[in-house]
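One structure is given below, encoded as structure tokens.
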Amino acid sequence: MAEYTLDNDPRFGKKVLRVENVLKRFGDNVVLDHVSFDVRQHETVALLGPSGSGKSTMMKCINLLEQVNDGQIWLGDTDITDPRINQDKARSRIGVVFQQFNLFSHMTVLNNVTLAARKVHKWPREKAEEKAMGLLRRIGMDQKAKEYPDRLSGGQQQRVAICRALMMEPELLLLDEITSALDPLLVGEVLEMVGELKDQGATILMATHEMSFAHDAADRIILLRRGTIAENGSPDEVMDHPTDPETQEFFAAYNRV
Amino acid sequence: MAEQLTYEVSEIEQERAEFRRMENLCSHLTSVVSSLLFVVLVVVVLKNSPGWPRVKESFFSPEYFAQAWPKVLEGLWLNIRVLGVALVGVAILGTSLALVRMTTSAVMFPLRVVARFYTTIMRGIPMIVVLYLIGFGIPGLGLFGRIDKAVLGTIAVVMSYSAYIAEVLRAGFQDVHPSQRASARSLGLTQTQTMRLVIIPQGLRKIAPALMNDFIAMQKDVGLISTLGAVDAVRAAQIVVAKTYNFTPYIVASIVFILMSVPFILLNDWYSERLRKREQTGGMV
Ligand SMILES: Nc1ncnc2c1ncn2[C@@H]1O[C@H](COP(=O)(O)OP(=O)(O)O)[C@@H](O)[C@H]1O
Ligand SMILES: [Mg+2]
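Chains as they are written, first to last, in our numbering: chain A, 1 to 257; chain B, 1001 to 1285.
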């Protein structure tokens, strides 16, 4: 039997996401320089790095909101960077939550959560609403189903946005700094929900600055630095026992604040 | 939701409330008195100006008022119909222009240039010139036989106002936060669905006051079709003026136009105020 590494950890299934040699630049600014990594089923991966290191750009490439300049991204067996595929279909296989302004302010919570089911997957309204209410009930938000987003706290808005992303049971959940715009008091409830999703077996790729959460919740830490992957390993390896001086400095800076 | 609280009002607060009430009363009184003074002043100046009796007779004559009223109202019905059709026309052409201008694909490049050119040129030409060009130019071509003056007028109004509306719409749509579009696309919505279900409804909300303003302006500009000879309210008034050499019919026409626009002006004020309040209280927490 082969020696244990994170890459053959039996807790995780097949590779859901494979990022292979992705290059992304804006003009002359190379933001992602031949980046490669995998995310396996049920795995929670935290994408860390200083501001401007390319975390959001990576997420947008995976979600096809940005086009890669080279390399491939595989979602299951589909090369989603292949221009011949149906991009809308590929997008709907991934759930995404951004830092803010996720919810559509002119729609109720319930309509937000059911939108994709009704309009993209052509579910009947009753079926969509039944499922959505189930999801909202699990986070204690079913009472707010008929409210408009501006009547919710920032934390509630983000949790509803997560519900909406989960509605069509995505193969992968992308969370891009979903607590960065929140009042510190509201961060906890959102992170708690992410923790629960992980426990239920969701596959998550998240960019975050919440270091202790990343340490406790993530199975794998990927540290981006100047467009390349500086570290890729377990929280214990990368955060607790880093060997690279620059990595040590990065985490030390967070511990000081 | 705020809970109903019952509490003792302290003496300090009572005293402050009393002071505010008094202050309020004083300022109301001041404004009433100053308004009255102003009215008196206007009346005195008018009454004492040497030409006042003549002006009064030629602009505010009750007989001519009664004579012109039914004719002007009849003409107004044409304005209302033209306005209704123009509204639909402007909505369609304006939205199309805005959407074309917002496209990014290479295929749309020629159309984008045309839309850009159109909105730039049209906003520069005075409405009355557009009316003349359409009203006398199209019949001059002799392609379509006889066209009703009101139809030509409507076309001119639509062409002119679409250019303004298109720019207002474009500003509104582009003002929607980029995350909203990204969220919509992430859910698997197509470009068109994203536009129709997310960007347009949200953009419209923000620019509703500006749009309504343009609608109010259009309401009175519809009166310009009289220059083509269509018998609308203004033209009907003009006809009476020509016969009687008295200008009261123009006052009648002004009154009907004012009456028509007041409800929309009030609606607009109400909506803008509501929007402002909402934006101040709502938003991210
Ligand atoms: N649309 C864009 N156009 C040009 N440059 C961009 C764009 N989006 C991001 N960038 C650049 O890419 C780099 C990485 O940004 P980003 O992915 O947002 O970093 P992070 O999310 O890690 O803070 C930054 O230097 C930023 O200026
Ligand atoms: Mg970012």
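Glycine is no exception: its CB is placed at the ideal position from the N, C-alpha and C atoms.
All values derive from a computational prediction rather than experimental measurement.
I need the DSSP call for residue i, collapsed to helix, strand or coil.
{"i": "L1143 of chain B", "result": "coil"}
{"i": "R220 of chain A", "result": "strand"}
{"i": "K198 of chain A", "result": "helix"}
{"i": "N1268 of chain B", "result": "helix"}
{"i": "N21 of chain A", "result": "strand"}
{"i": "A230 of chain A", "result": "strand"}
{"i": "I94 of chain A", "result": "strand"}
{"i": "H241 of chain A", "result": "coil"}
{"i": "L64 of chain A", "result": "coil"}
{"i": "N1213 of chain B", "result": "helix"}
{"i": "H1028 of chain B", "result": "helix"}
{"i": "W123 of chain A", "result": "coil"}
{"i": "M168 of chain A", "result": "coil"}
{"i": "E147 of chain A", "result": "coil"}
{"i": "I1199 of chain B", "result": "helix"}
{"i": "I1012 of chain B", "result": "helix"}
{"i": "F101 of chain A", "result": "coil"}
{"i": "M107 of chain A", "result": "coil"}
{"i": "I139 of chain A", "result": "coil"}
{"i": "H1177 of chain B", "result": "coil"}
{"i": "A128 of chain A", "result": "helix"}
Going by Cα to Cα distance, which pick from the options is closest to residue i?
{"i": "T228 of chain A", "options": "A:L47, A:R125 and A:L17", "result": "A:L47"}
{"i": "R159 of chain A", "options": "A:H209, A:E231, A:I221 and A:L103", "result": "A:L103"}
{"i": "A1182 of chain B", "options": "A:M141, A:Q41, A:H34 and A:C61", "result": "A:C61"}
{"i": "A1098 of chain B", "options": "B:V1157, B:S1186 and B:Y1164", "result": "B:Y1164"}
{"i": "A207 of chain A", "options": "A:K55, A:D7 and A:L191", "result": "A:K55"}
{"i": "R138 of chain A", "options": "A:C163, A:D240 and A:D244", "result": "A:C163"}
{"i": "V31 of chain A", "options": "A:M58, A:M193 and A:Q200", "result": "A:M58"}
{"i": "F37 of chain A", "options": "A:N29, A:E20, A:A116 and A:H106", "result": "A:E20"}
{"i": "A49 of chain A", "options": "A:R226, A:A252, A:D236 and A:P242", "result": "Correcting the residue type first, residue 49 of chain A is Gly in the shown sequence and not Ala. Residue A:R226 is the option with its Cα nearest to G49 of chain A."}
{"i": "Q99 of chain A", "options": "A:G201, A:H209, A:L23 and A:E129", "result": "A:H209"}
{"i": "I1255 of chain B", "options": "B:T1244, B:Y1271 and B:V1234", "result": "B:V1234"}
{"i": "D70 of chain A", "options": "A:A165, A:I221, A:D33 and A:K131", "result": "A:D33"}
{"i": "D9 of chain A", "options": "A:E130, A:D219, A:S51 and A:Y254", "result": "A:D219"}
{"i": "K127 of chain A", "options": "A:P245, A:M167 and A:R91", "result": "A:M167"}
{"i": "A1253 of chain B", "options": "B:L1275, B:S1049 and B:Q1067", "result": "B:Q1067"}
{"i": "R18 of chain A", "options": "A:D88, A:F26, A:L172 and A:D236", "result": "A:L172"}
{"i": "F1264 of chain B", "options": "B:G1229, B:K1277, B:Q1238 and B:K1220", "result": "B:K1220"}
{"i": "L135 of chain A", "options": "A:M193, A:M107, A:H106 and A:D88", "result": "A:M193"}
{"i": "Y148 of chain A", "options": "A:V39, A:T108, A:P83 and A:V113", "result": "A:T108"}
For residue i, which residues of its own chain have a beta-carbon under 7 Å away from its beta-carbon, when the five flanking residues on both sides are left out?
{"i": "A1017 of chain B", "result": "none"}
{"i": "V1241 of chain B", "result": "F1247, P1249 and Y1250"}
{"i": "A1236 of chain B", "result": "K1071, V1072, E1074 and G1075"}
{"i": "K1206 of chain B", "result": "G1172 and D1175"}
{"i": "D183 of chain A", "result": "G154"}
{"i": "D7 of chain A", "result": "none"}
{"i": "R11 of chain A", "result": "H42"}
{"i": "V1168 of chain B", "result": "I1207, A1210, L1211 and D1214"}
Please return the same chain residues whose Cβ sits closer than 8 Å to the Cβ of residue i, not counting the five positions on each side in sequence.
{"i": "M258 of chain A", "result": "An answer regarding residue 258 of chain A cannot be provided, because it is not within the stretch 1 to 257 covered by chain A."}
{"i": "I85 of chain A", "result": "T78 and D79"}
{"i": "N1268 of chain B", "result": "P1209, M1212, N1213 and I1216"}
{"i": "Q1180 of chain B", "result": "V1198, I1199 and Q1202"}
{"i": "Y4 of chain A", "result": "none"}
For chain E, is any of its Cβ atoms less than 9 Å away from the one on residue i?
{"i": "G1084 of chain B", "result": "Note that chain E does not occur in the displayed structure, where the protein chains are A and B."}
To which residues does DSSP link residue i through a beta bridge?
{"i": "A207 of chain A", "result": "A:L47 and A:D176"}
{"i": "T78 of chain A", "result": "A:L75"}
{"i": "R40 of chain A", "result": "A:K15"}
{"i": "D70 of chain A", "result": "A:L23"}
{"i": "R225 of chain A", "result": "A:T228"}
{"i": "N1079 of chain B", "result": "Note: N1079 of chain B sits in no beta bridge, so no partner."}
{"i": "N29 of chain A", "result": "A:F26"}
{"i": "V35 of chain A", "result": "A:V22"}
Is there at least one non-hydrogen atom of ligand 3 closer than 8 Å to the beta-carbon of residue i?
{"i": "F37 of chain A", "result": "What this structure holds is ligand 1 and ligand 2, not ligand 3."}
Could you name the residues of the same chain whose beta carbon sits closer than 6 Å to that of residue i, not counting the 5 residues immediately before and after it, in chain order?
{"i": "A1166 of chain B", "result": "G1094, L1097, A1098 and T1119"}
{"i": "P242 of chain A", "result": "Q248"}
{"i": "N1024 of chain B", "result": "none"}
Problem set entry | Given 8 Å, three or more beta-carbon pairs between the region 1069–1083 of chain B and the region 1141–1148 of chain B | no
Exercise. Within the chosen definition, does the region 1221–1229 of chain B reach the region 1152–1160 of chain B through at least 3 CB pairs nearer than 8 Å?
Worked result: yes
Problem set entry | Inter-stretch contact at 8 Å, needing at least 3 Cβ pairs: the region 182–200 of chain A / the region 208–218 of chain A | yes
For this session: Would you check if there are 3 or more beta carbon pairs closer than 8 Å linking the region 1124–1134 of chain B to the region 1048–1056 of chain B?
Result: no
Problem set entry | Any 3 or more C-beta pairs closer than 8 Å across the region 170–179 of chain A and the region 113–121 of chain A | no
For this session: Pair every Cβ in the region 1077–1091 of chain B with every Cβ in the region 1101–1118 of chain B, then say whether three or more of these pairs are closer than 8 Å.
Result: no
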